[in-house]
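> Let me give you the structure first, and then I'll get to my questions.
Here you go:
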């Protein structure tokens with residue numbers, strides 16, 4: 001927060017989760033993100049955590065194209081490549097416009113449950129399974145409104161190149177470079 005306060009050109013937005021952990025809350029100026037709708041106010045997001053944090057944020061801002069700078073706080077981060085030691089250097093680069101945005105494919109999918117369609121966004125993958133049921137799923141897979149396949153199965157994994165090293169790989173799928181448009 002002290003770093004952000006030193007730049008008069010920045011408006012800081014914090015989640016309620018971060019505000020709860022913030023010491024000396026009253027000495028800082030910030031706005032609180034109270035719902036996913038508040039993300040439209042952001043020019044970029046600083047994600048402190050790991051890949052799970054970035055995946056959650058990507059779902060929230062996928063349809064807004066908000067860049068995410070991921071700082072991993074653990075030992076390893078595939079999506080969160082910046083370490084805590086590099087964080088302020090990278091933030092200064094963002095403020096001065098010295099950065100590149102690495103675009104990643106995001107999936108938008110709908111699942112029909114009875115008469116209701118539920119829409120989801122994913123940076124990694126969509127996994128549909130039959131849960132505890134012994135019955136097969138009836139799947140109709142469409143891409144951009146065009147039917148791709150119709151079949152019965154016990155599950156379905158639709159992965160982006162980013163997610164190709166996750167569950168899809170474990171299930172026997174190929175690894176796809178994130179820069180490939182697939």
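Residue numbers (full-length UniProt numbering): 1 to 182.
The C-beta atom is built at its ideal place from N, Cα and C for all residues, glycine as well.
The model shown is predicted, which means the values in this text are computed figures rather than measured ones.
1. Looking only at C-alpha atoms, which of 169, 24, 82 sits nearest to residue 125?
2. Is the segment 132-143 in contact with the segment 72-91, if contact means three or more CB pairs nearer than 8 Å?
3. Quick one: is residue 166 buried, meaning 16 or more other Cβ sit within 10 Å of its Cβ, or exposed?
4. Can you name, in chain order, every residue of its own chain whose Cβ lies under 8 Å from the Cβ of residue 139, other than the five neighbours on each side?
5. Taking the straight line between their C-alpha atoms, what separation do you get for residue 104 and residue 143?
6. Can you tell which of 9, 23, 59, 6 has the C-alpha that lies nearest to the C-alpha of residue 119?
7. Report the three-state DSSP secondary structure of residue 129 (helix, strand or coil).
8. Three-state secondary structure (DSSP) at residue 150?
9. Hey, how far is the Cα of residue 22 from the Cα of residue 15?
10. Quickly, what does DSSP pair residue 82 with across the bridge? List them, please.
11. Beta strand (DSSP E) containing residue 117: first to last residue?
If we stick to the structure as given:
1. 169
2. no
3. buried
4. 128, 149, 150, 151, 152, 153, 156
5. 18 Å
6. 59
7. strand
8. strand
9. 11 Å
10. 71
11. 116-122
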